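*Asks:* Provided herewith is a single structure, encoded as structure tokens, for subsequent inquiry.
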Amino acid sequence: MEPFIKHFKDISYKDLSMVGGKNASLGEMYNQLNPEGILVPDGYATTSAAYWHFLEQNKLTERLSELLNSLDTDNFHNLAAVGEQARKLILNARLPDDIRQAIAEGYTYLTSEYGQNISLAVRSSATAEDLPTASFAGQLETYLNVRGLQNLYKACHHSYASLFTDRAIKYRVDNRFEHMQVALSVGIQTMVRSDEACSGVMFTLDPDTGFKNAIVVSGSWGLGENVVQGAVNTDEFMVFKPMLDKAKQPIISRKLGSKAKTMVYADTTGDELLSPADAIANLDTPAELQEQFVLQDKEVVQLAKWGKRIEEHYQQPMDIEWAKDGISGDLFIVQARPETVQSQRKNESFFTEYTLKEKGNVLCAGIGLSNRIVSGIARVLHSPAESDKLQQGEVLVTRKTDPDWDPILKKASAIVTDQGGRTSHAAIVAREVGAVAVLGTGNATQVIQDGQEVTVSTAGGETGYVYEGKLAWKEKRTDMGKLGKTSTKAMLILGDPEQAFKYSFLPNDGVGLMRMEFIINNSIQIHPMALKHFDKVEDEGARKRIEQLTHHYPNKEDYFVDKLAEATGTIAAAFYPKDVIVRMSDFKSNEYANLVGGRQFEPEEANPMIGLRGASRYYHKLYQEGFELECRAMRKVREEMGLTNVKLMIPFCRTVAEGEKVIKLLADHGLKRGENGLEVYVMVEIPSNALLAEEFARHFDGFSIGSNDLTQLTLGADRDSGLLSDIFSPFDKAVQQLIVMTLQKAKRTGTKVGLCGQAPSDYPDFAAFLVEQGIDSISFNPDAFFKGLENMLAAESKSTGQSPGLK
């Protein structure tokens, strides 16, 4: 006969049918990974044998089976009544003495090891739980801070009843589990006092895109339910998995969440078992704690290393819950289950892009999931009891969701919440059911009217938007499996780190141009000299805005360095180990002036296009301290994050002497060409670059032709002038001769050369011209990548006589 309890030390993953997925995983980690230093709280589990014995002793099997057979599995109109009756049958039954005795034996062992006053976490674990294609997350009850043997009996008894919550019943129907073939095991575990510290979740891949080289760690103050339920906007850390054991600092991004609430145990003087809701209290987080990250960098790295090891042990991506004990200061893993969405997606050869065809009025914005666009009627609901109001395909708008919402979420085409993050309950369910989601908007339930028509778009990166009305949009699917491989490298032009993981799945050869300006404009927003000399900023509005943006940075220069390094590091990690060529800032003085605090530090120029820009700016007294901050950021990416696939590129370098000066300046700032594999490229966008290409090649490792500026300066035609648009053309003989000259001289000197721009995707003849001249690489904007690739394939097939676009 099977025992009624098993201690974690005696449990392995092979015992899944006996103790359920959650407990089998805890036992496996306690035995296999605890000895390696991965801390898992001790405990034991009641077995499926105990559950079946409970049903048998109380003659419940047949009665429950008949009751569940009466369930309307089409419309679920009687789900609440069936669930309530099933739970009553369980709770009105008696917990047999032999089961009580087994639970008491386990309790005695824990008190002998950890003291008489221990508090326990009691978690339910179904034997059909956490299979690779089905996550039972949140379907069953958890009881925290359980004290005393009598309360432990009650918690175990109530856990049995939680197998028949409405959401658990419907989940089994949806996933085709037979109700009476699923048993329940109760995990009884020593408590981690995260109520006095913090807790959260960790994915060993990016849960939105499926990018496998990232580990995402989210956390908030107090107990983990706030994180799982999406009641708070969490801190989030992204760690680059391949550098965990190599780099000084493998964290590639940090995002500070508001963490407005802290969940703690409710004050109680009685000895009664409290319901899960009554056992906790959600307090306002003090302002100073909202401004602090919940984890130190070394703790994030420790968790990420544990996550990587757990993934290796189970040989699949994992969804992990962690907690920090506020008394001991130790980190613990309290749960680990297979990630059930991205890991189950087949390696589809299709790449799908969604684009809005018109602009609209933004009602609200938040964390976007799913990379899609949908339109529909918004239905503002305040509780799951209003589920009948939501019609199939409508947009659900609510404050937050928890597992009680599960039965109705499948009807929604999109989910929009006031609260929640990328690892919240709403996020997990949205991914599983394939719904678009915009989470943590802060105000969706206030600004969206019930019955209003809206468009929900998450196609623009990590930020999702809800627009007023029904907007036109288009969907484009490309079968990458039918595309051939080009001899000429097909690279990308990127600036937005939020899009990097998604575009890493394109059949690319790296990033030929990473635009630093996008990051400075959108992420940093502040002029670097205003950070370097904040005490001299005169504009009161600018001072106030700088204080707001840098409030958790004692040293304001570090704000610029960290933001630039993390955005660059994210893009470099997405394409690692392929080259990511980062162009140092190429704003013109009027564009720099538009940054916060910038006007005071910029000259007024009659013609900024050919004024203080590019290389000339880097050593000029007006900006040289700002360039130093750019260099500090690049050094951090390469030396601390270990992302040596980052190459640097100097724009608008007018003379060879200026090139020499900038190379020396880079070295002075710790970026010495040739050291640790550092390559430095120069843009070819001024006729002098082409005419003296061989001399420039002595100081640079590669050329990148900027066709727009080169055309402008060769023909003396303003690239932005509509009046001269007929003259402005990369097909002009003079422009093409300079390109040919650059390519020929590059070949003679063994210098790599590429081109960045729209022309090769817009004009097949221009792509053919570049391929015929033997260019090494062409870089395209993501929206033009496939068109550019087709043009390159067609051009290459001309010379070989093969059919273009086919393998």
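Note that UniProt numbering has the sequence shown beginning at 1, numbered continuously upward. All C-beta atoms, glycine included, are put in the ideal place defined by N, C-alpha and C. These figures come from a predicted structure and were not determined experimentally.
Which word fits E571, buried or exposed, when buried means at least 16 other C-beta atoms lie within 10 angstroms of its C-beta?
*Replies:* Numbered from its first residue, the sequence shown carries residue 571 at position 571. The sequence shown places Ile at residue 571, rather than the Glu named in the question. The residue in question, I571, is buried, as its Cβ has 16 or more Cβ neighbours within 10 Å.
*Asks:* Going by C-alpha distance, which of E36, L244, N23, A49 is nearest E2?
*Replies:* As a first step, residue 2 is located in the sequence shown; it is residue number 2 there, counting from the start. The option with the nearest alpha carbon to E2 is A49.
*Asks:* State yes or no: is the C-beta of Y465 within less than 9 Å of the C-beta of V438?
*Replies:* On the sequence shown, position 465 is the one that residue 465 refers to. On the sequence shown, position 438 is the one that residue 438 refers to. In this structure, V438 lies closer than 9 Å to Y465 by Cβ.
*Asks:* Work out the CA separation of M480 and K807 for me, nearest whole Å.
*Replies:* Position 807 of the sequence shown, counted from the start, is the residue given in the question as residue 807. Position 480 of the sequence shown, counted from the start, is the residue given in the question as residue 480. Residue confidence for K807 is low, a pLDDT of 34 falling below 50, so the modelled location carries little weight; the figure read from the coordinates is stated next. If you take the alpha carbons of K807 and M480, they lie about 11 Å apart.
*Asks:* Between the Cα of E557 and those of E28, G626, K536, spot the shortest distance and give me the residue it belongs to.
*Replies:* Taking the sequence shown and counting its residues from 1, the one referred to as residue 557 is at position 557. For the residues E28, G626, K536, the minimum Cα distance to E557 belongs to G626.
*Asks:* Can you give the Cα-Cα distance for L131 and R176, rounded to whole angstroms?
*Replies:* Locating residue 131 in the sequence shown gives position 131, where the first residue counts as 1. Locating residue 176 in the sequence shown gives position 176, where the first residue counts as 1. Note that L131 has pLDDT 49, beneath the 50 cutoff, so the model's placement of it is unreliable and no number is given.
*Asks:* Going by DSSP, what residues sit across from W52 in a beta bridge?
*Replies:* Along the sequence shown, read from residue 1 onward, the residue named residue 52 stands at position 52. Its beta-bridge partners do not exist; DSSP assigns none.
*Asks:* Excluding the 5 residues preceding and the 5 following Q181 in the sequence, name in chain order all residues of the same chain whose CB lies nearer than 7 Å to its CB.
*Replies:* As a first step, residue 181 is located in the sequence shown; it is residue number 181 there, counting from the start. Closer than 7 Å at the Cβ level, and outside the excluded window around Q181, lies no residue.
*Asks:* Within the region 278-328, note down every full alpha helix (DSSP H) run reaching 4 residues or more, in order along the chain.
*Replies:* Here the runs fully enclosed are 287-290, 297-314.
*Asks:* Taking Cβ positions, are R431 and D208 nearer each other than 9 Å?
*Replies:* Against the sequence shown, residue 431 aligns to sequence position 431. Against the sequence shown, residue 208 aligns to sequence position 208. Their beta carbons are under 9 Å apart, which means R431 touches D208 by this criterion.
*Asks:* For the alpha helix (DSSP H) that N689 lies in, which residues bound it at each end?
*Replies:* Position 689 of the sequence shown, counted from the first residue, corresponds to residue 689. Per DSSP, N689 belongs to the alpha helix (DSSP H) from 687-691.
*Asks:* For the region 54-67 against the region 371-378, are there 3 or more C-beta pairs whose distance is under 8 Å?
*Replies:* Taking 8 Å as the limit for Cβ pairs, the verdict is that the region 371-378 does not touch the region 54-67.
*Asks:* Could you give the first and the last residue of the continuous alpha helix (DSSP H) run that contains D166?
*Replies:* On the sequence shown, position 166 is the one that residue 166 refers to. From DSSP, the alpha helix (DSSP H) with D166 extends over 166-174.
*Asks:* Which of the three DSSP states is assigned to V397 in this structure?
*Replies:* Here residue 397 refers to the residue found at position 397 of the sequence shown. Strand at V397.
*Asks:* May I ask you to report which of helix, strand or coil DSSP gives K532?
*Replies:* Taking the sequence shown and counting its residues from 1, the one referred to as residue 532 is at position 532. Three-state DSSP puts K532 in a helix.
*Asks:* So the candidates are A717, T190, L363; which of them puts its Cα closest to the Cα of D726?
*Replies:* Here residue 726 refers to the residue found at position 726 when the sequence shown is read from its first residue. Ranking A717, T190, L363 by Cα distance to D726 puts A717 first.
*Asks:* I need the DSSP call for C631, collapsed to helix, strand or coil.
*Replies:* Position 631 of the sequence shown holds residue 631. Helix, per DSSP.
*Asks:* By a C-beta neighbour count over all protein chains shown, 10 Å radius and 16 as the cutoff for buried, is T108 buried or exposed?
*Replies:* Translated into the one-based positions of the sequence shown, residue 108 becomes position 108. That one is exposed.
*Asks:* For H53, count neighbouring Cβ atoms within 10 angstroms of its own Cβ and tell me buried if that reaches 16, exposed if not.
*Replies:* Along the sequence shown, read from residue 1 onward, the residue named residue 53 stands at position 53. H53 should be labelled buried.
*Asks:* Measuring alpha carbon to alpha carbon, tell me which residue in L678, R422, T463, N781 is nearest A490.
*Replies:* Taking the sequence shown and counting its residues from 1, the one referred to as residue 490 is at position 490. It is N781 whose Cα lies nearest to the Cα of A490.
*Asks:* Which of the three DSSP states, helix, strand or coil, is assigned to Q499?
*Replies:* Residue mapping note: residue 499 aligns to position 499 of the sequence shown, counting from 1. Of the three classes helix, strand and coil, the one that applies to Q499 here is helix, per DSSP.
*Asks:* Taking the alpha carbon of S616 as the point to measure from, which residue in E658, D10, I428 has its own alpha carbon closest?
*Replies:* Here residue 616 refers to the residue found at position 616 when the sequence shown is read from its first residue. Cα-wise, what sits closest to S616 is E658.
*Asks:* Since I believe F332 is in contact with L39 (beta carbons under 8 Å), could you give me their beta-carbon distance rounded to a whole number of angstroms?
*Replies:* As a first step, residue 39 is located in the sequence shown; it is residue number 39 there, counting from the start. As a first step, residue 332 is located in the sequence shown; it is residue number 332 there, counting from the start. The pair is a contact, with the Cβ atoms about 5 Å apart (cut-off 8 Å).
*Asks:* Within the same chain, show all residues whose beta-carbon is closer than 7 Å to that of L743, passing over the 5 residues directly before and after it, in chain order.
*Replies:* For this step, residue 743 is matched to residue 743 along the sequence shown. Taken in chain order, the residues that qualify are V753, Q773, G774, I775.
*Asks:* Out of H533, W473, A81, A323, point me to the one whose CA is closest to F560's CA.
*Replies:* For the purposes of this step, residue 560 is taken as the residue at position 560 of the sequence shown. With distances taken between Cα atoms, F560 lies closest to H533.
*Asks:* What are the start and end residues of each continuous beta strand (DSSP E) run of 3 or more residues lying completely inside the region 60-116, in chain order?
*Replies:* Entirely contained in the region 60-116, not one beta strand (DSSP E) run reaches 3 residues.
*Asks:* Using the rule of at least 16 other Cβ atoms within 10 Å of the residue's Cβ for burial, across every protein chain shown, is G20 buried or exposed?
*Replies:* What you label residue 20 is simply residue 20 of the sequence shown in a count that begins at 1. By the neighbour-count rule (16 or more Cβ atoms within 10 Å), G20 is buried.
*Asks:* Let me know the secondary structure DSSP gives R402 once reduced to three states.
*Replies:* The sequence position of residue 402 within the sequence shown is 402, counting from 1. The residue asked about is misnamed: residue 402 is Asp in this sequence, not Arg. It is coil, neither helix nor strand.
*Asks:* Does the separation of the CB atoms of L295 and D235 fall below 9 Å?
*Replies:* For the purposes of this step, residue 295 is taken as residue 295 along the sequence shown, with counting starting at 1. For the purposes of this step, residue 235 is taken as residue 235 along the sequence shown, with counting starting at 1. Yes. Within cutoff.
*Asks:* Does DSSP put F575 in a helix, in a strand, or in coil?
*Replies:* As a working mapping, residue 575 is identified with position 575 in the sequence shown. Note: F575 maps to helix in three-state DSSP.
*Asks:* Just to check my reading of the structure: M514 and T568 have Cβ atoms closer than 8 Å, yes? What is that Cβ distance to the nearest angstrom?
*Replies:* Counting from 1 along the sequence shown, the entry for residue 514 is found at position 514. Counting from 1 along the sequence shown, the entry for residue 568 is found at position 568. M514 to T568, Cβ: 7 Å. Contact.
*Asks:* Is it the case that the Cβ atoms of L140 and L163 are separated by a distance below 9 Å?
*Replies:* As a working note, residue 140 is residue 140 in the sequence shown. As a working note, residue 163 is residue 163 in the sequence shown. Cβ distance < 9 Å, so L140 and L163 count as in contact.
*Asks:* Taking the beta carbon of I99 as the centre, do at least 16 other beta carbons fall within 10 Å, making it buried, or is it exposed?
*Replies:* Numbered from 1 along the sequence shown, position 99 holds the residue referred to as residue 99. I99 is buried by the Cβ-count criterion.
*Asks:* When you compare the CB positions of F203 and E84, do they come within less than 9 Å of one another, or not?
*Replies:* Taking the first residue of the sequence shown as position 1, residue 203 is located at position 203. Taking the first residue of the sequence shown as position 1, residue 84 is located at position 84. No, Cβ-Cβ distance for F203 and E84 is not below 9 Å.
*Asks:* Using 10 angstroms around the beta-carbon of T61, count the other beta-carbons present and answer buried if the total reaches 16, otherwise exposed.
*Replies:* Reading the sequence shown from its first residue, position 61 is the one you call residue 61. Exposed is the call here.
*Asks:* Just to confirm, are A767 and G750 a CB contact at a threshold of 9 Å?
*Replies:* Residue mapping note: residue 767 aligns to position 767 of the sequence shown, counting from 1. Residue mapping note: residue 750 aligns to position 750 of the sequence shown, counting from 1. No, the pair does not count as a contact, with Cβ atoms beyond the cut-off.
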